[in-house]
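Peer 1: This is the structure, below, for whatever I ask next.
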Amino acid sequence: MKKLFIILFFLLMLSSCSSNSNLKDNIYETTVHQGKISIYFDKETSLFHIAYLEKNNHKWKQVNGISLRSTGKEKNFVISSDKKPYLYFGTIANPEADKIIVGNTDATIVTYNNLKLWYYADFKAAKNLSIYEVINNKKILIQP
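Sequential numbering of the sequence shown, starting at 3, is according to our numbering.
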């Protein structure tokens, strides 16, 4: 009986651990410069996260990152300007928007459950770049 209880307890612990691993959805990952950009959604907090990671001593370490809460119904973005790379991250609320431009560069667009996210990683130390939404080839300033 004791062995059965231990086995059941162990199985219960395993099943709870596996369900917790589903609380974060990895949405996107790409290599940039000598690091990696990773975007994921945390179901527990309803936050989107973007992280810039660099490999150091064969281990990935987060160098910079920011979080974003969005329903996708409003113009919403965040900018990390505390260290390089400066991360620009937001949602595209307008379905007519073709792209987002940060400074003079097109942001990368990622889709998650019908929500369009965009990001730009600035490695050149140009803080507070202007952000534009492009609709029918017309640039509309979002952030001066």
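All residues carry an ideal CB built from backbone N, CA and C; glycine is no exception. Since this is a predicted model, take the numbers as computed values, not measurements.
#1: Looking only at its chain, what residues have a beta carbon closer than 6 angstroms to the beta carbon of Ser1, apart from the 5 residues adjacent to it on each side?
#2: Assuming Lys86 is part of the beta strand (DSSP E), what are its boundary residues?
#3: Measure how close the beta-carbons of Lys63 and Leu70 come, nearest whole angstrom, since I'm counting them as under 8 angstroms.
#4: Just the C-alpha distance for Gln36 and Pro87, rounded to the nearest angstrom, thanks.
#5: Quick one: grab the DSSP three-state call for Leu25.
Peer 2: According to the data block:
#1: Outside the shown range of the chain, which is 3 to 146, sits residue 1, and nothing can be said about it.
#2: Looking at the DSSP string, Lys86 is not in any beta strand (DSSP E), and its letter there is neither H nor E.
#3: Going by Cβ atoms, the distance from Lys63 to Leu70 rounds to 22 angstroms, so no, they are not a contact pair.
#4: Near 11 angstroms, if we compare the C-alpha coordinates of Pro87 and Gln36.
#5: In the structure shown, Leu25 sits in a helix (DSSP, three-state: H, G or I).
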